[in-house]
Each structure stands twice: as structure tokens, then as C-alpha cells.
Amino acid sequence: MDFLPLPSLPTQPRQASTTSPHSRYFHSFRHPLFIKHPSPITHIHFCPTKPHRYAVTSSSRVLVYAPKTGKVVKTISRFKDTARSGEFRKDGKLVVAGGEDGLVQVFDVGSRAVLRSMKEHNQPVHVAHFSPFEPQILSASDDNTVKLWDLSTQTCLNTLVSHTDYVRSAIFHATSPHLILSASYDSTIRVHDVRLPAESANTITMRHGGAPVEDILAFPSGGVVVSVGGPILRVWDLATAGRCLRALSNHQKTVTCATFDGAKGRILTGGLDMMVKVYDVEDWNVVHTMRYPAPILSLAVSPDDTHIAAGMTDGTLSVRRRDPKASEAAAQDAKQSAIAGGSYEYFAEMETVFGTGHVKAKGKDLPLVVGPADEFRVETRRTARLKEFDRFLKAFKYSAALDAGVKKGVRPAATFALIQELIVRDALRIALTGRDDVTLEPILSFLARHIADARFGEMASEVAGVIIDIYTPMLGQTSLIDEMMGKLQNRIGRELGFQRELMKLQGALDMTLAQPMYGNESVSAAKPQFEMDKEAEDRFCRFVERMPPRADGMVRLFDRGDYYSAHGADAILVAHQVYKTTNVLKYLGPASVSSNPSSSMSARGLPSVTISMNLTKIFLRECLTAKQMRVEIYEPEEGAAGRKNHTRWTLTKTASPGNISQLEDLLFSHEDLVANAVSMSLRVHIKEGQRTVGCAFVDVQEKLVGVAEYVEDENFGNTESLLIQLGVKECLLQADDKRADHELTKLRTLVERCGVIITERKSADFIPRNVEQDLNRLLDESHSGIAL
Numbered sequence: 004m005d006f007l008p009l010p011s012l013p014t015q016p017r018q019a020s021t022t023s024p025h026s027r028y029f030h031s032f033r034h035p036l037f038i039k040h041p042s043p044i045t046h047i048h049f050c051p052t053k054p055h056r057y058a059v060t061s062s063s064r065v066l067v068y069a070p071k072t073g074k075v076v077k078t079i080s081r082f083k084d085t086a087r088s089g090e091f092r093k094d095g096k097l098v099v100a101g102g103e104d105g106l107v108q109v110f111d112v113g114s115r116a117v118l119r120s121m122k123e124h125n126q127p128v129h130v131a132h133f134s135p136f137e138p139q140i141l142s143a144s145d146d147n148t149v150k151l152w153d154l155s156t157q158t159c160l161n162t163l164v165s166h167t168d169y170v171r172s173a174i175f176h177a178t179s180p181h182l183i184l185s186a187s188y189d190s191t192i193r194v195h196d197v198r199l200p201a202e203s204a205n206t207i208t209m210r211h212g213g214a215p216v217e218d219i220l221a222f223p224s225g226g227v228v229v230s231v232g233g234p235i236l237r238v239w240d241l242a243t244a245g246r247c248l249r250a251l252s253n254h255q256k257t258v259t260c261a262t263f264d265g266a267k268g269r270i271l272t273g274g275l276d277m278m279v280k281v282y283d284v285e286d287w288n289v290v291h292t293m294r295y296p297a298p299i300l301s302l303a304v305s306p307d308d309t310h311i312a313a314g315m316t317d318g319t320l321s322v323r324r325r326d327p328k329a330s331e332a333a334a335q336d337a338k339q340s341a342i343a344g345g346s347y348e349y350f351a352e353m354e355t356v357f358g359t360g361h362v363k364a365k366g367k368d369l370p371l372v373v374g375p376a377d378e379f380r381v382e383t384r385r386t387a388r389l390k391e392f393d394r395f396l397k398a399f400k401y402s403a404a405l406d407a408g409v410k411k412g413v414r415p416a417a418t419f420a421l422i423q424e425l426i427v428r429d430a431l432r433i434a435l436t437g438r439d440d441v442t443l444e445p446i447l448s449f450l451a452r453h454i455a456d457a458r459f460g461e462m463a464s465e466v467a468g469v470i471i472d473i474y475t476p477m478l479g480q481t482s483l484i485d486e487m488m489g490k491l492q493n494r495i496g497r498e499l500g501f502q503r504e505l506m507k508l509q510g511a512l513d514m515t516l517a518q519p520m521y522g523n524e525s526v527s528a529a530k531p532q533f534e535m536d537k538e539a540e541d542r543f544c545r546f547v548e549r550m551p552p553r554a555d556g557m558v559r560l561f562d563r564g565d566y567y568s569a570h571g572a573d574a575i576l577v578a579h580q581v582y583k584t585t586n587v588l589k590y591l592g593p594a595s596v597s598s599n600p601s602s603s604m605s606a607r608g609l610p611s612v613t614i615s616m617n618l619t620k621i622f623l624r625e626c627l628t629a630k631q632m633r634v635e636i637y638e639p640e641e642g643a644a645g646r647k648n649h650t651r652w653t654l655t656k657t658a659s660p661g662n663i664s665q666l667e668d669l670l671f672s673h674e675d676l677v678a679n680a681v682s683m684s685l686r687v688h689i690k691e692g693q694r695t696v697g698c699a700f701v702d703v704q705e706k707l708v709g710v711a712e713y714v715e716d717e718n719f720g721n722t723e724s725l726l727i728q729l730g731v732k733e734c735l736l737q738a739d740d741k742r743a744d745h746e747l748t749k750l751r752t753l754v755e756r757c758g759v760i761i762t763e764r765k766s767a768d769f770i771p772r773n774v775e776q777d778l779n780r781l782l783d784e785s786h787s788g789i790a791l
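Written out as C-alpha cells, the structure is:
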């Protein structure tokens, strides 16, 4: 069997990316270029052919920019008034533009001369396009008409008059030279067949919903059309006579423009809200958003997907550029070459071409005659050369392999992969044995550098242990080994000191996170202190001694006005749970001499601790939800002279998981409470790829019971709205201690984010059994559980 080179150890585990591939792609558009113009940028168009120059229409000029330099290479200013809609012909040699005076002009890009001038519109022309099929021009004007012109004769071939308001967008159909689509401020999108008489040319009419239509796009297949107007983007199906497939409202203000990316797989829209939204045409979700400094009037993407240009109302032209990878550029060139290679012209003009090549066999070059020079050739497979330590390892020279692995220039991941292989072969001790101080020094230096690395620390410690076992007798004999051992010890000592500092930081963070993360009350850093004299302490201790024994799973607190106190076993629980230390305990009253094992008194007195109002909320939430404990709150008897040093107490409030009504004022005092006290139970399950949530709630105050089941999205948006609108205070979920159910974990996180107390119940409790019997117990005589 052939020897396989050692693979490097994985370095840092790669975290799952939080950004989508679309966002990463559009984040690659860096190098933003901002060019200021004196007037708004009303139109941008990229030339379909390389080098993909772009025409920018602003004021009374059409400026042609070079994409690589971002500089103006041509300026067309043969306009008497404001220019509109400057666009290239597909070969890039001509530019057509409309004007505020109703004139449609065609310019030669090289000489900037006016080649054609057509005047039949009596209002500003906002749209001018070259036909992709015939030598024709399409124009649309504020005079409510759309005109089709013959470029060679400058005559109007057809006038479409079906619109009743300004026409601000018109395009040729992607697959038919006889169909024209237009959109108007009368909130309609119309499809015209120019082969029909003008009065019946309008074959399909689609209504945008009342808002003026600013722009339209047609998919390359010709079957789907996109329109934008107001804050809404609509998708239309022409095959079903203009049925609306989607209506999307992701902008806050009017959408003024829309364009495809170079691959026609995404649609970009710009609006007056200064945002550009990117839609994926597969599911019509917004996959990326770009923010600009001013409202956007025009937008364009280069055919090779390397430039995004946006024109704004303040005259700013923004051009974002990305540098495509070499492989991406090569693939694009190969694709274009393949397309060109399959054309009729290619085969008609191609001559027989013989290339030259050779085969190297035993030192001789043999000439070959091959096919066309641009044919693909299959290269011979070259065997990868082994690294130096791989060659030694292949020859079972373990010591030499380890020496080669710790040399400079070898990545640590590769070195530790070698060490791991030596451990697997039980050859690590062989590789380390028999060394002098000179050959041992590189290994010790390598270990000193990486023993504190979290990725390799465990393996480096194992190697260091083997070295210490072998070379301990040599300590004190050579200064070099003594020095390297000292460096290794110092490095380990620094790491241990760093770990101790981290433990201190963790303790400080635990105390910080124990403070409430909500509410408006200020939390004092100092723990509340008892305000009782010696006599009051003794009386209170006797009262606690006479109380009934505390049952398992119960906690007792004493309300002392502006803080709470816990005593006996409860105090110890609070000290561990809240303060993470027993140093906060204070011992009240005399030392106990009782032989009763259930006595709350210890040999030092009654363990006691105080807890602030905010920490009490957190502690009780933890007891009722995570620990499933019962709670008792004691208050002084009415008429007593103060709460802090009184000794007669009465049980006033109790709570348990699923029954927290008596503690609502305490647990929810930080929120703006709604009138209703609502408890809810939720259950999520997935069937046939569809996420369904079952919900049941009870409103005790309004005496309402509700049950529902609904389809939910992956973010549980409907459930979140339901929790907020009903003002739910407690939610029952299925117990999942191991957090194995991913959907249930997401639902639990959502409920916690809404500030709702979670109570976990066994999954068996969520089975709908005895529902009728339970409902009859809750309902009055006038209602029946069967009917529900």
C-alpha cells in the first residue's frame, strides 16, 4: 500500500457563518466611489459589451464613464433642456436619450454627433430604448403616449395611447419584437401588440393597486414582469393574463427604480428611503440591504456583476466595485468562448489548425500532431512530493522525522499531526530518546511556544511529560537544558496565573449577571443589613424555631419592607444560589444546643441572609421555573410596629409552578402590567416539513379559555405576537433537560425574550386525554365541554 502524507490537524474550529452567501457576495463590493453632480442623477445604463462603460444622465448632459478608472471619457451635451434616459445600443457605438423638450436624439459615442432627431412628443420624454431585435427605438413621454420609431428613416411606426397619465417606463418584451410593455402614473402596466391597430393594441392590463408605477422589468424568459410603485414591488404572470404572483412591501417610501443583476438571479430596488433592497428571485426574500446617504432615483448593475451604480437626488453618483476572482474571470471567459465557438461564424471561418506538442518518454521528445490549438488537453497526473518529515516517517526514522517537524517554516498543525502519528505508532519515546542538549533544544523551544495554545496544549503537555521522564537525570549537567526547562516552567507558570485571573473575572461576572437586567429600580452594591437589636433577634429566632418544619422543595422568605430575608436552610440556599458564597451569612441569636435534627439553629446561631428586591425577583423566578420549588412569603401581622424588628409573622403569599397569581405584584412589578392575568401552554411539532404550534391559554380574570393550532415560521413570529398581545405571564413548555429538541429550544428562547416565566412539564402532560372531563370542571353549567 502506498504511503499517504500526514494531513495537518484542524486548527481553530470554523464557526457557522451568521451571514448569508448573498450578503457575503454584496459585501465584496468595496472601493465605493462618490462623484458629485450639480443636479439629480435621473438615469444610469451600462453598455452590454465590454468594457461595460456606463452612461449617467444628469441635468442637460449624458456622461460616459470608464468602469476601471471611474473618470468621464465622453460628455454629450447637445440638449437645450434637461436630458433623460441616456442608453447605449447593444454594440456600444450609439446612445439614445430623451429630453425635457420632447425630443428623442441618437448620438454617435465616438464623435458625439447627433445622428437622428425625432420630434413628435409634446411633453418631456422620460424613456428611450434601442430595440434588441430591429433597428428601432422605443420612447415614452408625459403626454401619455408610447411611440415606436424606425431608426433608419426617423419615422414613427406606431403610437400607443392607452394610458391616461404620465408614462415613466416602457420596455421591449424579452422574446418577441412585437410586444411592448409600458407603465404609467395611472397605476397600470399594459402589454401592447404593435401588429394590431392602435385602438386594440392593448392586450393585457395589470393594475398596481392605486400607486403610480415608476419602473418595470421583464424576465429573460418573457413570462414574468416586475413592477415597482409606491412602497410595493409586484410580480406578474403574463401567461395567466397578468395575474399578480407576489406583492412585497419592504421599503418605507416610494420605490423609484429596479434592475437585474448581471446573472438575472437577483433584483435590486432603490427607493426614496435611501435603501437598496436585493431580492432573490427564487423565493422573493430580501437577502441583502444597502444604505445610501440620499434618496435614490436610478440604479444599475454591470453585466459582469462587478459594479453597482446608484444615482441620488442630491446629485451624488455612487459606484461600488468588486474585484472578481481569477477563477471567476477565467470561467466567464471560457463561457463566452464556448458560446462564440458554437456560432455559425466560428465554423464558417475556422481553418484547419495543427498545434505542436510532445510526450516525454525516457528522456526523448516525440513530436505529435494534434488538433486545433485551443482544444482541451488532458495533462498527466503528477505525484505530490512528500515533505521532509513524511520521507523520514516513511523510512521509520522517527527521530529524524521529529527533528524535521520542529524546523522553522513548518506549520504547528503539521508538527502536531506528526506527533500524533508518533503517539499512534507508540514511537514518541523512541523519537525523543538518545538526544543531547543540542538536539533536544529545538523540541523544548517548540513546546514552550505552543504549550499554552488551546489547540495543541494537551498534546504538548504529553510530550513535555515524556521529556521530563527521560531527561530528569540530566538536569544540572548542561546549562542549555537547564535554561530551556526553566523557560518551559515559566511559560506554564504564566499560563496558570492567567487562568487564575480568568477565574476571578468569572466570579466578578457571575455577581454582575446576578443583578437584574430589567426594571427601573437602582440596585445598591451593598447587601441590605438587618436592623434588629439583641432582644428582637432572640424573639425572632424563637419564632423561627416554633415554625412547622420546611418540606423538601420549598423556600421561605420574610418580607421586611424594602428587602427580604431568609433563615436556616433557606438562607444557605440563597447564599449559594444568589451570592455564590456562604460568607454573606449572618448568625442571629444564641448558639443552638438543641438535639433536634430539624432545628434551623446551628452551633453558631440562626443562619440568616438579606436579599434586595431585584435579586429576590431573580431568585424566585429561578425557584419557580428551573428548580420547580414552592414558595412561601411571610409578612408581619397587621398593626405591628414595623416589619424589620417585629417577631410575629403570618403566611400571606404562596406560589408553585403553574400557580403564581399571588406573586404577580412582586415578579412583574417592573413591567407595565395589562389588566388580564393569562397563562399559556405551547407545543411545537413538525410534520411533513411543516412547523405547527398548538396553543392553549386561560385568562383567570376574564374567565376565558382558548385553544388554537396554527402554522408557524422558523422565527416563531406568530407566537411572539400572540404572547405580547395577550399579555402572557406564565408559559408551560415540555421538559427538555438535555436541550435535544432544537425547535423547542428556539421556542423557549423566544418566550424568555418576551419576559414570560417558563414552567416545564413532562411531555406526557401535553397529551390531549381527559380533555372533556377537565373542561367540564372549569366551565359553568350553561356550557359543555363536548360542544367545545
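Numbering (the working numbering), first residue to last: 4 to 791. Where is the CB? At the ideal position from N, CA and C, for every residue including glycine.
Checklist line | Span separating the alpha-carbon of V322 from that of E715 | finding: 40 Å
Note to self: Here's a check: name, in chain order, each residue in its chain whose Cβ is nearer than 7 Å to the Cβ of M462, leaving out the five neighbours to either side.
What the structure shows: F419, I422, Q423
Checklist line | Start-to-end residues for the beta strand (DSSP E) that takes in C757 | finding: Unbroken run through C757: none, as it is neither H nor E.
Next item on the list: Tell me whether F399 is buried or exposed, calling it buried when 16 or more other Cβ atoms sit within 10 Å of its Cβ.
Entry: It is exposed - the Cβ of F399 has fewer than 16 other Cβ atoms within 10 Å.
Next item on the list: Could you give the DSSP three-state label for Q157: helix, strand or coil?
Entry: coil
Item checked: Burial state of M506, where buried means 16 or more other Cβ atoms lie within 10 Å -> Looking at its Cβ environment, which holds fewer than 16 other Cβ atoms inside 10 Å, M506 is exposed.
Item checked: Three-state class that DSSP yields for C698 in the structure shown -> strand
Notebook entry, point to check: What number of angstroms, rounded off, separates the C-alpha of S597 from the C-alpha of R559?
Noted result: Only weak support is given to the placement of S597: the predicted model assigns it a pLDDT of 46, under 50, and the question is left unresolved by the model.
Check: Buried or exposed: which applies to N161, given that a residue is buried once 16 or more other Cβ atoms fall within 10 Å of its Cβ?
Finding: It is buried - the Cβ of N161 has at least 16 other Cβ atoms within 10 Å.
Item checked: Nearest candidate by alpha-carbon position, reference F49, set S42, V59, H40 -> A check of alpha carbon separations from F49 across S42, V59, H40 identifies V59 as the nearest.
Next item on the list: With a cut-off of 8 Å on the beta carbons, I'd call D485 and G479 a contact; round off their distance for me.
Entry: About 7 Å; that satisfies the 8 Å criterion.
Margin query: Applying the 10 Å Cβ sphere with the 16-neighbour rule, what's the burial state of K411?
Written below: exposed
Notebook entry, point to check: By Cβ distance, which residues of its chain are closer than 8 Å to S527, with the 5 residues on each side in sequence left out?
Noted result: Annotation note: pLDDT 39 at S527 (below 50); position unreliable, coordinate value reported separately. Here the set comprises S615.
Check: Quick one: is V710 buried, meaning 16 or more other Cβ sit within 10 Å of its Cβ, or exposed?
Finding: Classification for V710: exposed.
Checklist line | Own chain partners of L275 with C-beta closer than 6 Å, once the 5 adjacent residues on each side are dropped | finding: Taken in chain order, the residues that qualify are K256, T257, P298.
Next item on the list: Just tell me which of R81, S23, L443 has its CA closest to the CA of E103.
Entry: R81
Next item on the list: Would you list the residues sitting across from S659 in a DSSP beta bridge?
Entry: Per DSSP, N662.
Next item on the list: Keeping to the same chain, check which residues put their C-beta closer than 6 Å to that of F561; ignore five residues upstream and five downstream.
Entry: S568, Y637
Next item on the list: Go through its chain and collect everything with a Cβ distance to T657's Cβ below 8 Å, but skip five positions before and after it.
Entry: So the qualifying residues of the chain are R633, V634, E635, I636, Q665.
Next item on the list: Tell me the start and end of each unbroken beta strand (DSSP E) in the region 89 to 166 that is at least 3 residues and wholly inside, in chain order.
Entry: 97 to 102, 106 to 111, 117 to 122, 128 to 133, 139 to 144, 149 to 153, 158 to 163
Margin query: For the structure I just gave you, are there three or more beta carbon pairs, one from the region 169 to 183 and one from the region 214 to 230, closer than 8 Å?
Written below: yes
Checklist line | Local conformation of P415 per DSSP, three classes | finding: helix
Margin query: What would DSSP say about D472, mapped onto helix, strand or coil?
Written below: Note: D472 maps to helix in three-state DSSP.
Check: Skipping 5 residues on each side, what residues in its chain have a beta carbon closer than 6 Å to that of H34?
Finding: Once the five neighbours on either side are set aside, the close Cβ partners of H34 are R324.
Check: To which residues does DSSP link H46 through a beta bridge?
Finding: Answer is T60.
Next item on the list: Indicate whether Y401 and L443 have their beta-carbon atoms separated by less than 8 Å.
Entry: no
Next item on the list: Compute the beta-carbon to beta-carbon distance between R87 and P127, rounded to the nearest angstrom, for a pair I have assumed lies under 8 Å.
Entry: Here R87 really is in contact with P127; their C-beta atoms are around 7 Å apart, less than 8 Å.
Check: How about A313 and Y295: do their beta carbons lie closer than 8 Å?
Finding: yes
Checklist line | Member of P415, R269, A467 whose CA lies at the smallest distance from the CA of R458 | finding: When only C-alpha atoms are compared, the closest one is P415.
Notebook entry, point to check: Leaving out five residues before and five after R646 in sequence, what residues of the same chain have Cβ atoms less than 8 Å from its Cβ?
Noted result: Note on R646: pLDDT 49, under 50, position unreliable in the model; the coordinate value appears next. So the qualifying residues of the chain are D562, R563, G564, E638, P639.
Note to self: Do G232 and A214 count as a contact pair if the criterion is CB distance below 8 Å?
What the structure shows: yes
Next item on the list: Can you grab the Cα-Cα spacing for the pair R64 / F719, in whole Å?
Entry: 52 Å
Next item on the list: Say whether the region 751 to 758 touches the region 694 to 709, bearing in mind that this needs 3 or more beta-carbon pairs closer than 8 Å, one atom from each stretch.
Entry: no
Checklist line | Inter-residue spacing [alpha-carbon to alpha-carbon] between Q157 and I270 | finding: 34 Å
Next item on the list: Return helix, strand or coil for N3, following the three-state DSSP convention.
Entry: Lying outside 4 to 791, the shown extent of the chain, residue 3 is not represented and no answer is given.
Notebook entry, point to check: Tell me which same chain residues have a C-beta within less than 7 Å of the C-beta of D317, skipping the five on either side of it?
Noted result: A297
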